[in-house]
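In the UniProt record's numbering, the protein residues as written are 1 to 516. From the three backbone atoms N, C-alpha and C, an ideal C-beta is built for every residue, glycine too.
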(Lines of atoms letter the chains of each structure in order from A; the text may use other names.)
(Lines give C-alpha, C1' and ligand atoms only; values in the text may rest on other atoms or scores of the structure.)
Protein backbone atom coordinates (compact mmCIF):
# COMPACT_ATOMS: atom_id res chain seq x y z
CA UNK A 1 0.00 0.00 0.00
CA UNK A 2 1.29 3.45 -0.91
CA UNK A 3 1.31 6.16 1.72
CA UNK A 4 1.97 9.89 1.55
CA UNK A 5 1.49 12.25 -1.39
CA UNK A 6 0.61 10.78 -4.78
CA UNK A 7 3.66 10.99 -7.09
CA UNK A 8 3.36 13.63 -9.81
CA UNK A 9 3.72 11.00 -12.53
CA UNK A 10 0.40 9.43 -11.49
CA UNK A 11 -1.58 12.65 -12.02
CA UNK A 12 -2.14 11.77 -15.67
CA UNK A 13 -2.45 7.99 -15.68
CA UNK A 14 -3.33 7.67 -19.37
CA UNK A 15 -4.70 4.12 -19.30
CA UNK A 16 -5.05 1.03 -17.13
CA UNK A 17 -4.19 -1.00 -20.22
CA UNK A 18 -0.59 -1.06 -19.04
CA UNK A 19 -1.70 -3.30 -16.16
CA UNK A 20 -3.67 -5.74 -18.31
CA UNK A 21 -0.94 -8.41 -18.54
CA UNK A 22 -0.56 -8.78 -14.77
CA UNK A 23 -2.55 -11.98 -14.45
CA UNK A 24 -2.16 -12.19 -10.68
CA UNK A 25 -3.32 -8.64 -10.03
CA UNK A 26 -6.21 -8.69 -7.53
CA UNK A 27 -6.36 -5.16 -6.11
CA UNK A 28 -6.42 -1.75 -7.80
CA UNK A 29 -6.70 1.10 -5.34
CA UNK A 30 -6.30 4.77 -6.27
CA UNK A 31 -8.02 7.10 -3.81
CA UNK A 32 -7.49 10.75 -4.70
CA UNK A 33 -8.19 13.71 -2.43
CA UNK A 34 -7.90 16.38 -5.14
CA UNK A 35 -9.22 17.10 -8.64
CA UNK A 36 -5.90 16.73 -10.45
CA UNK A 37 -5.72 12.95 -10.54
CA UNK A 38 -7.22 11.37 -13.67
CA UNK A 39 -7.74 7.76 -14.71
CA UNK A 40 -8.51 6.68 -18.28
CA UNK A 41 -9.84 3.15 -18.72
CA UNK A 42 -11.20 3.20 -22.29
CA UNK A 43 -7.97 3.65 -24.22
CA UNK A 44 -7.54 1.58 -26.30
CA UNK A 45 -11.19 0.66 -26.78
CA UNK A 46 -12.13 -2.93 -26.01
CA UNK A 47 -8.98 -4.09 -24.24
CA UNK A 48 -9.43 -7.27 -22.21
CA UNK A 49 -7.43 -7.75 -19.01
CA UNK A 50 -5.81 -11.01 -17.98
CA UNK A 51 -6.40 -10.33 -14.29
CA UNK A 52 -9.44 -11.06 -12.15
CA UNK A 53 -9.76 -8.39 -9.51
CA UNK A 54 -11.22 -8.78 -6.04
CA UNK A 55 -10.99 -5.12 -5.08
CA UNK A 56 -11.16 -2.05 -7.32
CA UNK A 57 -11.21 1.37 -5.66
CA UNK A 58 -11.01 4.39 -7.97
CA UNK A 59 -12.68 7.12 -5.94
CA UNK A 60 -12.48 10.80 -7.01
CA UNK A 61 -10.28 10.02 -10.00
CA UNK A 62 -11.93 12.09 -12.78
CA UNK A 63 -12.53 8.78 -14.50
CA UNK A 64 -12.89 8.79 -18.30
CA UNK A 65 -13.36 12.54 -18.35
CA UNK A 66 -12.71 12.64 -22.09
CA UNK A 67 -14.62 9.44 -22.92
CA UNK A 68 -18.12 10.36 -21.79
CA UNK A 69 -17.57 9.54 -18.11
CA UNK A 70 -18.62 5.93 -18.57
CA UNK A 71 -18.08 3.08 -16.15
CA UNK A 72 -14.86 1.20 -16.99
CA UNK A 73 -15.49 -1.36 -19.72
CA UNK A 74 -12.92 -3.81 -18.37
CA UNK A 75 -15.30 -4.47 -15.46
CA UNK A 76 -17.47 -6.45 -17.91
CA UNK A 77 -14.78 -9.13 -17.78
CA UNK A 78 -14.54 -9.28 -13.98
CA UNK A 79 -16.34 -12.08 -12.13
CA UNK A 80 -14.63 -12.27 -8.74
CA UNK A 81 -15.11 -8.75 -7.43
CA UNK A 82 -15.84 -8.39 -3.72
CA UNK A 83 -15.48 -4.62 -3.25
CA UNK A 84 -16.02 -1.82 -5.78
CA UNK A 85 -15.65 1.91 -5.04
CA UNK A 86 -16.21 4.26 -7.98
CA UNK A 87 -17.57 7.15 -5.91
CA UNK A 88 -17.15 10.87 -6.67
CA UNK A 89 -16.42 10.46 -10.38
CA UNK A 90 -19.53 12.00 -12.03
CA UNK A 91 -20.01 8.81 -14.03
CA UNK A 92 -23.09 8.67 -16.24
CA UNK A 93 -25.41 6.03 -17.66
CA UNK A 94 -27.79 3.39 -16.38
CA UNK A 95 -27.29 1.74 -13.01
CA UNK A 96 -24.85 -1.15 -13.69
CA UNK A 97 -27.02 -4.11 -12.74
CA UNK A 98 -24.70 -6.25 -14.84
CA UNK A 99 -21.93 -5.54 -12.33
CA UNK A 100 -24.01 -7.17 -9.60
CA UNK A 101 -25.10 -10.00 -11.89
CA UNK A 102 -21.56 -10.90 -13.00
CA UNK A 103 -20.03 -10.81 -9.51
CA UNK A 104 -22.06 -12.99 -7.19
CA UNK A 105 -19.50 -12.52 -4.38
CA UNK A 106 -19.78 -8.73 -4.44
CA UNK A 107 -20.13 -7.45 -0.87
CA UNK A 108 -19.49 -3.69 -1.12
CA UNK A 109 -20.62 -1.40 -3.96
CA UNK A 110 -20.03 2.34 -3.56
CA UNK A 111 -21.19 4.51 -6.48
CA UNK A 112 -22.10 7.65 -4.55
CA UNK A 113 -21.91 11.11 -6.11
CA UNK A 114 -22.19 10.07 -9.74
CA UNK A 115 -25.02 10.55 -12.26
CA UNK A 116 -26.45 7.07 -12.67
CA UNK A 117 -30.13 6.62 -13.52
CA UNK A 118 -32.48 3.67 -13.29
CA UNK A 119 -33.08 1.29 -10.41
CA UNK A 120 -31.73 -1.88 -8.80
CA UNK A 121 -32.98 -4.90 -10.72
CA UNK A 122 -30.75 -7.84 -9.86
CA UNK A 123 -30.35 -10.08 -6.83
CA UNK A 124 -27.12 -10.56 -4.90
CA UNK A 125 -27.31 -12.58 -1.70
CA UNK A 126 -23.80 -11.57 -0.59
CA UNK A 127 -24.26 -7.79 -0.78
CA UNK A 128 -23.54 -6.18 2.59
CA UNK A 129 -23.10 -2.51 1.70
CA UNK A 130 -24.68 -0.53 -1.14
CA UNK A 131 -24.21 3.24 -1.46
CA UNK A 132 -26.02 4.88 -4.39
CA UNK A 133 -26.42 8.31 -2.80
CA UNK A 134 -26.04 11.49 -4.81
CA UNK A 135 -27.11 10.09 -8.18
CA UNK A 136 -30.14 10.64 -10.43
CA UNK A 137 -32.13 7.54 -9.61
CA UNK A 138 -35.88 7.93 -10.13
CA UNK A 139 -38.91 5.77 -9.53
CA UNK A 140 -39.98 3.87 -6.44
CA UNK A 141 -38.08 1.66 -4.05
CA UNK A 142 -38.73 -1.99 -5.04
CA UNK A 143 -41.34 -3.73 -2.88
CA UNK A 144 -39.25 -6.89 -2.68
CA UNK A 145 -35.93 -5.34 -1.67
CA UNK A 146 -35.33 -8.24 0.71
CA UNK A 147 -35.19 -10.55 -2.32
CA UNK A 148 -32.47 -8.49 -3.95
CA UNK A 149 -30.20 -8.10 -0.92
CA UNK A 150 -31.48 -10.30 1.91
CA UNK A 151 -28.44 -9.83 4.17
CA UNK A 152 -27.55 -6.22 3.45
CA UNK A 153 -26.25 -4.21 6.42
CA UNK A 154 -25.80 -0.70 4.98
CA UNK A 155 -28.19 0.77 2.39
CA UNK A 156 -27.80 4.41 1.30
CA UNK A 157 -30.16 5.73 -1.40
CA UNK A 158 -30.12 9.36 -0.24
CA UNK A 159 -29.90 12.45 -2.46
CA UNK A 160 -31.75 11.00 -5.44
CA UNK A 161 -35.24 11.57 -6.85
CA UNK A 162 -36.98 8.49 -5.49
CA UNK A 163 -40.72 8.87 -5.03
CA UNK A 164 -43.67 6.92 -3.71
CA UNK A 165 -44.05 5.25 -0.36
CA UNK A 166 -41.45 3.46 1.71
CA UNK A 167 -42.25 -0.24 1.20
CA UNK A 168 -43.13 -2.09 4.38
CA UNK A 169 -41.04 -5.00 3.11
CA UNK A 170 -37.92 -3.08 4.13
CA UNK A 171 -38.78 -4.24 7.63
CA UNK A 172 -37.76 -7.74 6.55
CA UNK A 173 -34.12 -6.70 6.19
CA UNK A 174 -33.26 -8.08 9.61
CA UNK A 175 -29.48 -7.51 9.27
CA UNK A 176 -29.77 -3.88 8.16
CA UNK A 177 -27.87 -1.52 10.49
CA UNK A 178 -27.85 1.73 8.50
CA UNK A 179 -30.72 2.94 6.30
CA UNK A 180 -30.45 6.36 4.65
CA UNK A 181 -33.36 7.46 2.44
CA UNK A 182 -32.98 11.19 3.09
CA UNK A 183 -33.19 13.95 0.47
CA UNK A 184 -35.64 12.27 -1.89
CA UNK A 185 -39.31 12.81 -2.74
CA UNK A 186 -40.75 9.94 -0.72
CA UNK A 187 -44.29 10.37 0.58
CA UNK A 188 -46.84 8.55 2.69
CA UNK A 189 -46.55 7.22 6.22
CA UNK A 190 -43.54 5.45 7.65
CA UNK A 191 -44.28 1.72 7.99
CA UNK A 192 -44.34 0.64 11.63
CA UNK A 193 -42.43 -2.46 10.61
CA UNK A 194 -39.48 -0.26 9.82
CA UNK A 195 -39.00 0.11 13.58
CA UNK A 196 -40.58 -3.11 14.85
CA UNK A 197 -38.94 -5.83 12.77
CA UNK A 198 -35.55 -4.37 11.87
CA UNK A 199 -33.93 -5.60 15.04
CA UNK A 200 -30.38 -4.62 14.01
CA UNK A 201 -31.15 -1.10 12.76
CA UNK A 202 -28.96 1.54 14.46
CA UNK A 203 -29.14 4.57 12.13
CA UNK A 204 -32.31 5.68 10.32
CA UNK A 205 -32.29 8.83 8.16
CA UNK A 206 -35.55 9.95 6.53
CA UNK A 207 -34.81 13.69 6.41
CA UNK A 208 -36.00 16.05 3.65
CA UNK A 209 -38.86 14.06 2.17
CA UNK A 210 -42.65 14.46 2.09
CA UNK A 211 -43.48 11.87 4.71
CA UNK A 212 -46.40 12.43 7.08
CA UNK A 213 -48.37 10.82 9.89
CA UNK A 214 -48.08 10.33 13.65
CA UNK A 215 -44.73 8.65 13.41
CA UNK A 216 -43.86 9.00 17.12
CA UNK A 217 -47.33 8.24 18.46
CA UNK A 218 -48.92 4.97 19.44
CA UNK A 219 -47.23 1.71 20.32
CA UNK A 220 -43.76 2.26 18.89
CA UNK A 221 -40.51 0.42 19.52
CA UNK A 222 -37.23 1.84 18.28
CA UNK A 223 -35.21 -1.21 19.23
CA UNK A 224 -31.47 -0.53 18.92
CA UNK A 225 -31.77 2.72 16.97
CA UNK A 226 -29.03 5.17 18.01
CA UNK A 227 -29.63 7.92 15.44
CA UNK A 228 -33.11 8.95 14.27
CA UNK A 229 -33.36 11.74 11.68
CA UNK A 230 -36.95 12.69 10.82
CA UNK A 231 -36.38 16.38 10.14
CA UNK A 232 -37.91 18.40 7.28
CA UNK A 233 -41.00 16.30 6.65
CA UNK A 234 -44.71 16.71 7.41
CA UNK A 235 -45.00 14.63 10.58
CA UNK A 236 -47.70 15.59 13.07
CA UNK A 237 -49.00 14.63 16.49
CA UNK A 238 -47.52 14.45 19.95
CA UNK A 239 -44.32 12.71 20.97
CA UNK A 240 -45.59 9.89 23.13
CA UNK A 241 -44.67 6.26 23.95
CA UNK A 242 -42.92 4.76 26.95
CA UNK A 243 -39.53 6.14 28.02
CA UNK A 244 -37.90 2.77 27.28
CA UNK A 245 -38.72 3.32 23.61
CA UNK A 246 -36.01 5.96 23.32
CA UNK A 247 -33.40 4.90 25.87
CA UNK A 248 -30.82 3.91 23.21
CA UNK A 249 -30.99 7.19 21.29
CA UNK A 250 -27.87 9.31 20.89
CA UNK A 251 -29.17 11.68 18.18
CA UNK A 252 -32.80 12.73 17.68
CA UNK A 253 -33.67 15.33 15.02
CA UNK A 254 -37.37 16.04 14.47
CA UNK A 255 -37.00 19.68 13.40
CA UNK A 256 -39.06 21.35 10.66
CA UNK A 257 -42.20 19.29 11.14
CA UNK A 258 -45.66 19.90 12.63
CA UNK A 259 -45.25 18.20 16.02
CA UNK A 260 -47.35 19.69 18.81
CA UNK A 261 -47.79 19.38 22.55
CA UNK A 262 -45.37 19.40 25.45
CA UNK A 263 -41.75 18.37 25.26
CA UNK A 264 -42.02 14.84 26.68
CA UNK A 265 -40.54 13.88 30.01
CA UNK A 266 -38.99 10.66 28.73
CA UNK A 267 -36.15 12.75 27.28
CA UNK A 268 -34.68 12.91 30.79
CA UNK A 269 -34.27 9.11 30.77
CA UNK A 270 -32.25 8.99 27.55
CA UNK A 271 -28.93 9.07 29.33
CA UNK A 272 -26.91 8.62 26.12
CA UNK A 273 -28.61 11.43 24.19
CA UNK A 274 -25.94 13.80 22.81
CA UNK A 275 -27.89 15.75 20.16
CA UNK A 276 -31.52 16.86 20.39
CA UNK A 277 -32.98 19.10 17.66
CA UNK A 278 -36.70 20.02 17.80
CA UNK A 279 -36.67 23.48 16.19
CA UNK A 280 -39.26 24.90 13.79
CA UNK A 281 -42.31 22.90 14.74
CA UNK A 282 -44.41 25.99 14.23
CA UNK A 283 -46.87 25.78 11.35
CA UNK A 284 -49.89 23.89 12.70
CA UNK A 285 -48.79 24.00 16.30
CA UNK A 286 -45.81 24.54 18.52
CA UNK A 287 -44.37 23.03 21.61
CA UNK A 288 -46.00 24.98 24.41
CA UNK A 289 -45.37 25.57 28.07
CA UNK A 290 -42.13 26.09 29.99
CA UNK A 291 -38.79 24.54 29.22
CA UNK A 292 -38.71 21.35 31.32
CA UNK A 293 -36.37 21.34 34.29
CA UNK A 294 -35.57 17.68 33.63
CA UNK A 295 -33.31 18.81 30.77
CA UNK A 296 -30.65 19.24 33.46
CA UNK A 297 -30.42 15.42 33.56
CA UNK A 298 -29.12 15.30 29.99
CA UNK A 299 -25.50 15.27 31.08
CA UNK A 300 -24.16 13.99 27.74
CA UNK A 301 -25.95 16.48 25.52
CA UNK A 302 -23.59 18.40 23.23
CA UNK A 303 -26.26 20.00 21.01
CA UNK A 304 -29.68 21.17 22.19
CA UNK A 305 -31.72 23.14 19.64
CA UNK A 306 -35.29 24.07 20.59
CA UNK A 307 -35.45 27.34 18.65
CA UNK A 308 -38.52 28.71 16.85
CA UNK A 309 -41.17 27.12 19.03
CA UNK A 310 -43.56 28.77 21.48
CA UNK A 311 -41.73 28.10 24.73
CA UNK A 312 -42.31 30.47 27.63
CA UNK A 313 -41.22 31.06 31.21
CA UNK A 314 -37.75 31.29 32.69
CA UNK A 315 -34.64 29.52 31.52
CA UNK A 316 -33.90 26.51 33.76
CA UNK A 317 -30.44 26.16 35.21
CA UNK A 318 -29.08 23.58 32.78
CA UNK A 319 -27.05 23.33 29.61
CA UNK A 320 -28.45 25.42 26.76
CA UNK A 321 -27.37 25.93 23.21
CA UNK A 322 -30.07 27.52 21.05
CA UNK A 323 -33.10 29.08 22.80
CA UNK A 324 -33.60 31.79 20.18
CA UNK A 325 -36.97 33.08 18.93
CA UNK A 326 -39.07 32.18 21.97
CA UNK A 327 -40.74 34.14 24.79
CA UNK A 328 -38.24 33.55 27.56
CA UNK A 329 -38.19 36.08 30.42
CA UNK A 330 -36.12 36.94 33.48
CA UNK A 331 -32.38 37.26 33.88
CA UNK A 332 -29.77 35.04 32.28
CA UNK A 333 -28.87 32.38 34.89
CA UNK A 334 -25.37 32.64 36.33
CA UNK A 335 -25.16 28.85 36.03
CA UNK A 336 -24.71 29.12 32.27
CA UNK A 337 -21.28 30.54 33.01
CA UNK A 338 -20.25 27.18 34.49
CA UNK A 339 -20.75 25.29 31.20
CA UNK A 340 -17.07 25.51 30.37
CA UNK A 341 -17.32 23.14 27.39
CA UNK A 342 -20.09 25.11 25.70
CA UNK A 343 -19.18 26.14 22.17
CA UNK A 344 -22.26 28.14 21.15
CA UNK A 345 -25.01 29.94 23.05
CA UNK A 346 -27.94 31.63 21.31
CA UNK A 347 -30.50 33.44 23.48
CA UNK A 348 -31.51 35.99 20.86
CA UNK A 349 -35.05 37.25 20.18
CA UNK A 350 -36.53 36.68 23.63
CA UNK A 351 -37.57 38.98 26.50
CA UNK A 352 -34.55 38.55 28.77
CA UNK A 353 -33.59 41.34 31.17
CA UNK A 354 -30.80 42.18 33.60
CA UNK A 355 -27.04 42.22 33.05
CA UNK A 356 -24.80 39.98 31.01
CA UNK A 357 -23.29 37.57 33.58
CA UNK A 358 -19.66 38.43 34.27
CA UNK A 359 -18.84 34.74 34.67
CA UNK A 360 -19.47 34.21 30.95
CA UNK A 361 -15.73 34.84 30.88
CA UNK A 362 -15.40 31.23 32.11
CA UNK A 363 -16.76 29.88 28.81
CA UNK A 364 -13.26 29.25 27.54
CA UNK A 365 -14.33 27.15 24.53
CA UNK A 366 -17.26 29.23 23.35
CA UNK A 367 -17.10 30.23 19.69
CA UNK A 368 -20.47 31.93 19.20
CA UNK A 369 -22.41 34.08 21.69
CA UNK A 370 -25.66 35.70 20.54
CA UNK A 371 -27.68 37.72 23.08
CA UNK A 372 -29.25 40.11 20.59
CA UNK A 373 -32.84 41.42 20.56
CA UNK A 374 -33.61 41.21 24.27
CA UNK A 375 -33.89 43.79 27.06
CA UNK A 376 -30.49 43.33 28.67
CA UNK A 377 -29.09 46.22 30.72
CA UNK A 378 -25.75 47.23 32.23
CA UNK A 379 -22.43 47.15 30.44
CA UNK A 380 -20.64 44.58 28.33
CA UNK A 381 -18.29 42.95 30.87
CA UNK A 382 -14.67 43.73 30.10
CA UNK A 383 -13.76 40.25 31.36
CA UNK A 384 -15.16 38.79 28.13
CA UNK A 385 -11.91 39.64 26.34
CA UNK A 386 -10.59 36.41 27.93
CA UNK A 387 -12.71 34.42 25.45
CA UNK A 388 -9.96 33.71 22.94
CA UNK A 389 -12.05 31.18 20.95
CA UNK A 390 -14.93 33.59 20.39
CA UNK A 391 -15.49 34.27 16.69
CA UNK A 392 -19.12 35.49 16.67
CA UNK A 393 -20.46 37.98 19.22
CA UNK A 394 -23.79 39.81 19.01
CA UNK A 395 -25.46 41.93 21.71
CA UNK A 396 -27.30 44.26 19.34
CA UNK A 397 -30.75 45.67 20.10
CA UNK A 398 -30.69 45.64 23.89
CA UNK A 399 -30.50 48.41 26.52
CA UNK A 400 -26.79 48.11 27.27
CA UNK A 401 -24.73 51.13 28.29
CA UNK A 402 -21.19 52.22 29.14
CA UNK A 403 -17.80 51.76 27.54
CA UNK A 404 -17.22 48.69 25.39
CA UNK A 405 -14.37 46.28 26.24
CA UNK A 406 -10.99 47.16 24.79
CA UNK A 407 -10.51 46.01 21.22
CA UNK A 408 -8.03 43.33 22.19
CA UNK A 409 -7.77 39.66 21.22
CA UNK A 410 -11.02 38.48 19.63
CA UNK A 411 -12.85 41.70 20.51
CA UNK A 412 -10.63 43.47 18.02
CA UNK A 413 -12.51 41.62 15.26
CA UNK A 414 -16.07 42.61 16.24
CA UNK A 415 -17.46 45.55 14.31
CA UNK A 416 -20.28 48.02 14.96
CA UNK A 417 -22.95 45.53 13.84
CA UNK A 418 -22.34 43.51 17.01
CA UNK A 419 -23.51 46.44 19.17
CA UNK A 420 -26.05 48.36 17.05
CA UNK A 421 -29.33 49.27 18.76
CA UNK A 422 -27.73 50.16 22.12
CA UNK A 423 -27.66 54.00 22.06
CA UNK A 424 -25.93 54.28 25.45
CA UNK A 425 -22.87 52.23 24.48
CA UNK A 426 -19.69 54.10 23.60
CA UNK A 427 -16.11 53.54 22.59
CA UNK A 428 -14.51 51.75 19.63
CA UNK A 429 -15.68 50.37 17.27
CA UNK A 430 -18.67 52.70 17.72
CA UNK A 431 -18.42 56.30 16.53
CA UNK A 432 -19.74 57.58 19.85
CA UNK A 433 -16.88 58.53 22.19
CA UNK A 434 -17.02 58.00 25.92
CA UNK A 435 -17.04 61.10 28.16
CA UNK A 436 -15.94 59.49 31.43
CA UNK A 437 -12.96 57.45 32.49
CA UNK A 438 -14.21 53.94 33.26
CA UNK A 439 -11.02 52.94 35.03
CA UNK A 440 -11.46 55.40 37.96
CA UNK A 441 -14.62 54.86 39.97
CA UNK A 442 -13.85 57.46 42.70
CA UNK A 443 -11.72 60.28 41.22
CA UNK A 444 -9.81 62.52 43.63
CA UNK A 445 -11.38 65.87 44.43
CA UNK A 446 -8.53 67.77 42.78
CA UNK A 447 -8.97 65.88 39.51
CA UNK A 448 -10.76 67.65 36.72
CA UNK A 449 -14.20 66.06 36.41
CA UNK A 450 -14.15 66.69 32.67
CA UNK A 451 -11.04 64.55 32.19
CA UNK A 452 -11.91 61.80 29.75
CA UNK A 453 -8.51 60.58 28.60
CA UNK A 454 -5.99 58.03 29.90
CA UNK A 455 -2.21 58.48 29.72
CA UNK A 456 -0.14 55.42 29.00
CA UNK A 457 3.09 56.29 30.87
CA UNK A 458 5.12 53.64 29.10
CA UNK A 459 4.16 55.10 25.76
CA UNK A 460 4.75 58.65 27.07
CA UNK A 461 8.31 57.97 28.26
CA UNK A 462 9.12 55.96 25.16
CA UNK A 463 7.95 58.65 22.77
CA UNK A 464 9.73 61.39 24.76
CA UNK A 465 13.01 59.51 24.77
CA UNK A 466 12.74 58.76 21.06
CA UNK A 467 12.11 62.45 20.32
CA UNK A 468 15.20 63.46 22.33
CA UNK A 469 17.44 60.96 20.56
CA UNK A 470 16.21 62.01 17.12
CA UNK A 471 16.76 65.70 17.96
CA UNK A 472 20.28 65.04 19.27
CA UNK A 473 21.31 62.99 16.24
CA UNK A 474 19.87 65.61 13.91
CA UNK A 475 21.79 68.40 15.62
CA UNK A 476 25.07 66.45 15.46
CA UNK A 477 24.50 65.78 11.77
CA UNK A 478 23.85 69.48 11.19
CA UNK A 479 27.12 70.44 12.90
CA UNK A 480 28.98 67.93 10.75
CA UNK A 481 27.52 69.30 7.53
CA UNK A 482 27.71 73.08 8.24
CA UNK A 483 31.26 74.30 9.17
CA UNK A 484 30.08 77.82 10.09
CA UNK A 485 27.50 76.47 12.50
CA UNK A 486 30.10 74.06 13.87
CA UNK A 487 32.60 76.93 14.52
CA UNK A 488 29.89 79.02 16.14
CA UNK A 489 28.85 76.12 18.38
CA UNK A 490 32.44 75.31 19.42
CA UNK A 491 33.14 78.98 20.23
CA UNK A 492 29.96 79.14 22.27
CA UNK A 493 30.91 76.02 24.19
CA UNK A 494 34.45 77.36 24.72
CA UNK A 495 33.15 80.70 26.05
CA UNK A 496 30.76 78.86 28.35
CA UNK A 497 33.57 76.65 29.67
CA UNK A 498 35.90 79.63 30.35
CA UNK A 499 33.07 81.54 32.03
CA UNK A 500 32.39 78.60 34.31
CA UNK A 501 36.12 78.16 35.01
CA UNK A 502 36.68 81.82 36.04
CA UNK A 503 33.51 81.78 38.09
CA UNK A 504 34.71 78.77 40.03
CA UNK A 505 38.19 80.30 40.56
CA UNK A 506 36.77 83.57 41.86
CA UNK A 507 34.40 81.67 44.15
CA UNK A 508 37.23 79.59 45.61
CA UNK A 509 39.46 82.65 46.18
CA UNK A 510 36.65 84.53 47.82
CA UNK A 511 35.85 81.69 50.19
CA UNK A 512 39.54 81.16 51.10
CA UNK A 513 40.12 84.87 52.02
CA UNK A 514 39.89 85.38 55.85
CA UNK A 515 37.42 87.92 57.18
CA UNK A 516 38.96 91.11 58.48
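query                                                                                                                                                                : result
Only counting runs of 4 or more residues, tell me where the alpha helix (DSSP H) segments fall wholly within the stretch 185-261, in order along the chain.          : 193-196
Taking C-beta to C-beta, are residue 430 and residue 404 nearer than 8 Å?                                                                                            : yes
In the DSSP assignment, find the unbroken alpha helix (DSSP H) run with residue 518 in it and report its ends.                                                       : No answer is possible for residue 518: it lies beyond the span of the chain, which begins at 1 and ends at 516.
Reducing DSSP to helix, strand and coil, say where residue 493 ends up.                                                                                              : helix
Name the DSSP bridge partner or partners of residue 335?                                                                                                             : Beta-bridge pairing links residue 335 to no other residue.
Just the Cα atoms here: how many angstroms apart are residue 484 and residue 503?                                                                                    : 28 Å
Since residue 26 and residue 58 should fall inside the 8 Å C-beta cutoff, what is the C-beta to C-beta distance between them, to a whole number of angstroms?        : Not confirmed; about 15 Å, so no contact.
Buried or exposed: residue 48, going by 16 or more other Cβ atoms within 10 Å of its Cβ?                                                                             : exposed
Mapping DSSP to helix, strand and coil, what is residue 487?                                                                                                         : helix
Per the DSSP calculation, residue 178 is bridged to which residue(s)?                                                                                                : 154, 203
For residue 413, which of 433, 277, 391 has the nearest alpha-carbon?                                                                                                : 391
Can you have a look at residue 259 and say buried or exposed, based on whether 16 or more other CB atoms are within 10 angstroms of its CB?                          : buried
Run through the DSSP bridge pairs and tell me what residue 346 is partnered with.                                                                                    : 322, 370
Would residue 120 be called buried (16 or more neighbouring beta carbons within 10 Å of its own) or exposed?                                                         : buried
Which first and last residues belong to the beta strand (DSSP E) in which residue 94 is found?                                                                       : 92-94
Look up residue 88 in the DSSP assignment and say whether it is helix, strand or coil.                                                                               : coil
Leaving out five residues on either side along the sequence, give the residues of the same chain with a beta carbon under 6 Å from the beta carbon of residue 203.   : 178, 227
For the beta strand (DSSP E) that contains residue 116, what are its first and last residues?                                                                        : 115-117
What would DSSP say about residue 393, mapped onto helix, strand or coil?                                                                                            : strand
Got a sec? Which residues, its chain only, sit under 6 Å from residue 91 by beta carbon, not counting five neighbours each side?                                     : 69, 71, 114
In chain order, what residues of the same chain lie with their CB nearer than 7 Å to the CB of residue 176, ignoring the 5 residues before and after it?             : 152, 153, 155, 198, 200, 201
Report the three-state DSSP secondary structure of residue 56 (helix, strand or coil).                                                                               : strand
Which stretch, first to last residue, makes up the beta strand (DSSP E) that contains residue 354?                                                                   : 351-354
Check the C-beta distance from residue 103 over to residue 122 and give it rounded, since I have them as a contact under 8 Å.                                        : That pair is no contact at about 11 Å.
Quick one: residues in its chain with C-beta nearer than 6 Å to the C-beta of residue 55, no 5 flanking neighbours on either side, listed in chain order?            : 27, 83
Applying the 10 Å Cβ sphere with the 16-neighbour rule, what's the burial state of residue 96?                                                                       : buried
May I ask you to report which of helix, strand or coil DSSP gives residue 110?                                                                                       : strand
Quick one, which of 384, 257, 351, 400 has its alpha-carbon nearest residue 378's?                                                                                   : 400
How would you write the range of the alpha helix (DSSP H) that residue 146 sits in, first residue to last?                                                           : 145-148
What are the partner residues of residue 426, as DSSP defines its beta bridges?                                                                                      : 403
Leaving out the 5 sequence neighbours to the left and right, which residues in its chain are closer than 6 Å to residue 189 when beta-carbon positions are compared? : 213
Per DSSP, what are the beta-bridge partners of residue 123 in this structure?                                                                                        : Partner(s): none; residue 123 has no beta bridge.
Would you tell me roughly how many angstroms separate the C-alpha atoms of residue 496 and residue 490, rounded to the nearest one?                                  : 10 Å
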